[in-house]
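To start, the structure itself, in structure tokens.
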Amino acid sequence: MRASLFITCYNDTLYPETGRAVVSLLERLGVELEFHPKQTCCGQMHANTGFRGEAFSQAKRFVRLYQDAENVVIPSSSCVSMIREQYPRLFEEMGNEELRQQFAALSPRVYELSEFIIDRLGVEDVGAYFPHRVTYHASCHSLRGIHLGDRPFRLLGKVRGMKLIPLPHLDRCCGFGGTFSVKNGEVSSAMLTVKLQDVLATGAEYCTGPDNSCLMHMGGAMHRLYADMKTIHMAEILASTQESPAEATL
Amino acid sequence: MSHAATNQPVLDPKLALPFPQAVLPVLRNPQLRKNVAHAIDVIQAKRARLVEEKPDWQELRSAAAAIRMHTLENLGSYLEQFEANCTARGGIVHWAADAEEARRIILELLREENASEVIKIKTMTSAEIQLNPFLQASGINAYETDLAEIILQLGEGEPSHIVVPALHVNRSQVREIFARRMGLKDLSDDPKELTNAARNYLRQKFLKIPTAISGANFLIAETGSIGVVESEGNGRMCLTLPRTMITLAGVEKVLPRFQDLEVMLQLLARNATGERMNPYTSLWTGVTPGDGPQRFHVVLLDNERSSILARNKERQTLKCIRCGACMNACPVYRQVGGHAYGSVYPGPIGSILTPQLMQMHYAKTLPYASSLCGACYEACPTKINIPEVLLDLRAQVTNIERKQFSRVLDPMYLGLRIANLIFSRAWMFHAAQFFGRFGLGIFTRKDGWVHSLPSVGGEWTQTRDLRGFPSQTFHGWWAARGAKPNKEAK
Numbered sequence: 045m046r047a048s049l050f051i052t053c054y055n056d057t058l059y060p061e062t063g064r065a066v067v068s069l070l071e072r073l074g075v076e077l078e079f080h081p082k083q084t085c086c087g088q089m090h091a092n093t094g095f096r097g098e099a100f101s102q103a104k105r106f107v108r109l110y111q112d113a114e115n116v117v118i119p120s121s122s123c124v125s126m127i128r129e130q131y132p133r134l135f136e137e138m139g140n141e142e143l144r145q146q147f148a149a150l151s152p153r154v155y156e157l158s159e160f161i162i163d164r165l166g167v168e169d170v171g172a173y174f175p176h177r178v179t180y181h182a183s184c185h186s187l188r189g190i191h192l193g194d195r196p197f198r199l200l201g202k203v204r205g206m207k208l209i210p211l212p213h214l215d216r217c218c219g220f221g222g223t224f225s226v227k228n229g230e231v232s233s234a235m236l237t238v239k240l241q242d243v244l245a246t247g248a249e250y251c252t253g254p255d256n257s258c259l260m261h262m263g264g265a266m267h268r269l270y271a272d273m274k275t276i277h278m279a280e281i282l283a284s285t286q287e288s289p290a291e292a293t294l
Numbered sequence: 268m269s270h271a272a273t274n275q276p277v278l279d280p281k282l283a284l285p286f287p288q289a290v291l292p293v294l295r296n297p298q299l300r301k302n303v304a305h306a307i308d309v310i311q312a313k314r315a316r317l318v319e320e321k322p323d324w325q326e327l328r329s330a331a332a333a334i335r336m337h338t339l340e341n342l343g344s345y346l347e348q349f350e351a352n353c354t355a356r357g358g359i360v361h362w363a364a365d366a367e368e369a370r371r372i373i374l375e376l377l378r379e380e381n382a383s384e385v386i387k388i389k390t391m392t393s394a395e396i397q398l399n400p401f402l403q404a405s406g407i408n409a410y411e412t413d414l415a416e417i418i419l420q421l422g423e424g425e426p427s428h429i430v431v432p433a434l435h436v437n438r439s440q441v442r443e444i445f446a447r448r449m450g451l452k453d454l455s456d457d458p459k460e461l462t463n464a465a466r467n468y469l470r471q472k473f474l475k476i477p478t479a480i481s482g483a484n485f486l487i488a489e490t491g492s493i494g495v496v497e498s499e500g501n502g503r504m505c506l507t508l509p510r511t512m513i514t515l516a517g518v519e520k521v522l523p524r525f526q527d528l529e530v531m532l533q534l535l536a537r538n539a540t541g542e543r544m545n546p547y548t549s550l551w552t553g554v555t556p557g558d559g560p561q562r563f564h565v566v567l568l569d570n571e572r573s574s575i576l577a578r579n580k581e582r583q584t585l586k587c588i589r590c591g592a593c594m595n596a597c598p599v600y601r602q603v604g605g606h607a608y609g610s611v612y613p614g615p616i617g618s619i620l621t622p623q624l625m626q627m628h629y630a631k632t633l634p635y636a637s638s639l640c641g642a643c644y645e646a647c648p649t650k651i652n653i654p655e656v657l658l659d660l661r662a663q664v665t666n667i668e669r670k671q672f673s674r675v676l677d678p679m680y681l682g683l684r685i686a687n688l689i690f691s692r693a694w695m696f697h698a699a700q701f702f703g704r705f706g707l708g709i710f711t712r713k714d715g716w717v718h719s720l721p722s723v724g725g726e727w728t729q730t731r732d733l734r735g736f737p738s739q740t741f742h743g744w745w746a747a748r749g750a751k752p753n754k755e756a757k
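Here you go:
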């Protein structure tokens with residue numbers, strides 16, 4: 045099976061280890077990966093801040109770049125949610141029927157990482173080994189945007205050596221919200237405090253999730269507070285094996 | 268004295284502070300935040316249990332959404348039908364284009380009654396048109412009869428929630444207000460004693476004042492009836508004792524058929540307060556000789572609703588049945604309560620309704636008062652896609668502001684414009700990453716993390732560190748890895 049990796053702008057820039065983990069994980073599962081060097085951003089930052097025209101040009105770029113891909117895999121539920129929910133509206137709003145149709149054809153082949161592994165590859169046990177206590181934070185877009193459901197738990201539940209500790213108030217937002225975190229920095233911080241109380245109380249060594257955006261938010265506060273916990277993207281846990289453990293643990 | 272100096276909430280979008288500033292005193296008020304979070308958590312736990320026991324919950328939501336949207340798409344004819352049926356049964360229907368006209372109509376009706384006092388059933392629409400202060404300035408005292416509204420009226424507070432307006436006030440604060448305003452020095456904070464005090468206070472008003480004002484949860488086009496749901500029975504008293512009743516309702520409150528209540532009433536109380544059925548559901552039609560108010564007026568308020576109706580994407584805002592569940596589900600509201608929204612309609616629904624009621628001239632920071640987590644949409648009984656409307660309103664705000672000269676150097680606008688340029692070409696994106704590494708490098712400490720940033724970045728680093736740029740981007744790694752064939756791949 046072939047898949048084209050859309051790594052997302054912030055993973056490319058700030059969290060390349062997540063991308064490397066996706067590559068090692070999917071290649072281990074027998075997927076032939078390609079990476080389009082012209083990719084940039086899905087346009088979510090612009091769309092969510094009210095810059096519709098700019099978001100439209102990013103969306104157009106995405107469709108043009110990936111329209112011939114067999115599958116598109118994205119290690120971010122938030123970007124997938126942007127693509128699935130907002131692209132059709134953007135194309136309709138801009139009156140671009142051709143793009144709307146091209147996207148309608150492409151959309152069923154766009155997968156979040158755990159969707160791709162479970163729904164497309166039909167795998168739950170990816171052969172990972174991660175001997176740590178971990179709690180899972182479901183990003184809002186993974187829950188209510190693209191309805192990942194129990195997919196991440198099915199994958200993480202099969203990781204050898206790992207103890208998964210349930211996080212209370214799983215459906216509550218961490219307060220990131222993209223530009224919300226700087227436009228309403230104080231409220232965002234108050235929401236983060238409440239979330240961190242739950243996360244830290246699990247006593248886990250790592251907090252994982254399907255989005256580095258929430259993890260950057262919580263991990264940034266953990267670092268500021270000298271908390272005894274780190275964040276790690278779900279892909280890095282799933283890629284981790286006895287022979288090559290996750291970079292974050294080294 | 269300015270509101271900024273007193274920290275008193277101002278629920279007038281024209282005078283209120285921008286949301287990010289309005290939240291600051293609240294965030295420094297642990298008592299208020301605890302009151303709000305506690306009240307919300309209690310309601311949410313009750314609601315969750317009751318929603319769980321309805322296997323057809325999602326079907327009910329779909330039915331309600333369909334009924335409400337159908338109504339809005341045919342609003343004119345249903346309103347005319349309501350007017351005809353209400354009039355045939357002895358009611359008098361008045362049409363008010365805006366808040367000022369509604370206030371004037373109500374004042375004239377009260378003057379005809381020679382009323383110097385009026386009792387009120389809880390109505391957010393009257394708060395929307397700022398009726399109480401207007402009546403007071405015209406020499407008419409309006410007395411709220413809903414327990415929470417009494418607490419706020421006597422304590423000179425403002426509502427912070429559309430269903431539970433005094434949710435930010437706790438029991439000992441209620442005791443203090445009642446003791447002070449009712450002259451009951453020995454009052455304890457026992458709920459029974461507090462309700463008794465309110466009951467004594469209210470009874471005098473009910474027996475003495477022959478004129479009442481209500482809102483409406485529903486107007487039934489088919490029968491010309493009006494429906495009000497409530498918990499305490501004070502509304503029922505206002506509906507039976509007075510000689511004259513004036514009902515103020517937004518034009519969107521109409522339902523086509525009596526039968527539609529079946530869907531709405533199953534959803535409303537469950538979603539609003541976590542009750543299977545609200546204790547009092549009052550339905551009345553025009554005037555019934557010898558029973559209830561003998562003079563009955565309905566004031567139908569437009570106040571920008573027609574212009575919301577005319578907009579395709581935002582029309583769904585008017586599907587709202589004011590259950591308040593979006594507030595209870597909202598993680599932003601849970602932290603800051605309702606006052607910071609600067610409107611009688613707070614929370615997610617307020618964030619989309621208020622700016623539209625203000626024709627986008629005021630409350631322009633409210634569409635941004637959301638992390639777009641989607642909990643409101645999931646809770647909404649009529650499936651208003653609040654995040655979608657928020658995004659659309661953000662686009663409207665951006666389109667206004669980006670043309671303003673003062674925004675040219677605004678870091679947010681400048682940054683997003685540059686970002687758009689960068690994202691349009693991969694080489695520019697890669698160059699920006701290259702230079703960004705040096706730029707951020709200046710602020711990166713030896714531990715590899717950024718602890719403090721200037722400008723907009725400072726909003727982030729006020730409470731959060733940021734890991735510095737890694738030495739290699741992903742695409743750089745991929746290129747360096749070479750287009751080597753993947754041996755294991757099938």
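Note that the protein sequences, when read in sequence, are chains A and B. Just so you know, the first sequence maps onto residues 45 to 294 in my numbering. Just so you know, the second sequence maps onto residues 268 to 757 in my numbering. All C-beta atoms in this analysis are idealised placements derived from N, C-alpha and C, irrespective of residue type, glycine included.
In the DSSP assignment, residue 532 of chain B falls within the unbroken alpha helix (DSSP H) covering 528-540. Contact note: residue 51 of chain A reaches chain B through 741, 742, using a C-beta cutoff of 8 Å and chain order. Within chain B, the residues placing a beta-carbon under 7 Å from that of residue 91 of chain A are 658, ordered along the chain. Taking CB atoms only, residue 234 of chain A has a neighbour in chain B less than 9 Å away.
According to the DSSP secondary-structure assignment, residue 251 of chain A is paired through a beta bridge with A/179, A/275. By alpha-carbon distance to residue 465 of chain B, the top candidate from B/548, B/453, B/441 is B/441. Closest in C-alpha terms to residue 271 of chain A, from the list A/287, A/256, A/251, comes A/251. Around the beta-carbon of residue 555 of chain B, fewer than 16 other beta-carbon atoms lie within 10 Å, marking it exposed.
Shown here, residue 295 of chain B sits in coil according to DSSP, grouped into three states, outside any helix or strand. For residue 265 of chain A, the chain B residues whose C-beta falls within less than 9 Å of its own C-beta are 730, 731, 732, listed in chain order. Assigned with DSSP and collapsed to three states, residue 723 of chain B falls in helix. Contacts with chain A at 9 Å (Cβ-Cβ) include residue 718 of chain B. Under the three-state reduction of DSSP output, residue 220 of chain A falls in the coil class, being neither helix nor strand.
Ranked by Cα distance from residue 180 of chain A, the options A/71, A/171, A/215, A/168 are led by A/215. Taking a 10 Å sphere around the C-beta of residue 255 of chain A, we find 16 or more other C-beta atoms and assign the residue as buried.
Closer than 9 Å to the CB of residue 64 of chain A there is at least one CB belonging to chain B. Taking 9 Å as the CB threshold, residue 238 of chain A lines the interface with chain B. Contact between the segment 79-86 of chain A and the segment 199-218 of chain A is not established, with fewer than three Cβ pairs separated by less than 8 Å. Note on the segment 50-132 of chain A: whole beta strand (DSSP E) runs with a minimum of 3 residues are 76-79, 116-118, in chain order. In the structure shown, residue 47 of chain A adopts extended strand secondary structure according to DSSP, grouped into three states. Contact annotation for residue 661 of chain B against chain A: 92, 93, 94 [CB-CB distance below 8 Å, chain order]. The beta carbons of residue 518 of chain B and residue 569 of chain B sit closer together than 9 Å. Taking residue 314 of chain B as reference, the option from B/513, B/592, B/301 with the minimal CA-CA separation is B/592. Our two residues, residue 75 of chain A and residue 122 of chain A, have alpha carbons roughly 23 Å apart in a direct line.
Within chain A, no C-beta atom comes less than 9 Å from the C-beta of residue 711 of chain B; the nearest is roughly 12 Å away.
Between residue 186 of chain A and the set A/147, A/119, A/276, the nearest pair of CA atoms involves A/119.
Around the beta carbon of residue 476 of chain B, 16 or more other beta carbons lie within 10 angstroms, which makes this residue buried. Below the 7 Å Cβ cutoff, chain A contributes no neighbours of residue 324 of chain B, its closest Cβ being approximately 16 Å away. Annotation for residue 338 of chain B: no beta strand (DSSP E) segment contains it, though the alpha helix (DSSP H) segment containing it runs 324-340. A buried status is given to residue 537 of chain B, since no fewer than 16 other beta-carbon atoms sit within 10 Å of its beta-carbon.
Less than 9 Å divides the Cβ of residue 563 of chain B from the Cβ of residue 512 of chain B. Contact between residue 561 of chain B and residue 503 of chain B does not hold, since their C-beta atoms are separated by about 17 Å, which reaches or exceeds 8 Å. At a cut-off of 9 Å between C-beta atoms, residue 642 of chain B counts as an interface residue with respect to chain A. For secondary structure counted as the beta strand (DSSP E) over 3 or more consecutive residues, the segment 562-624 of chain B holds these complete runs in sequence order: 562-568. Within chain B, no residue has its CB atom less than 8 Å from the CB of residue 207 of chain A, the nearest being about 26 Å off.
Taking C-alpha positions only, residue 598 of chain B is separated from residue 305 of chain B by approximately 13 Å.
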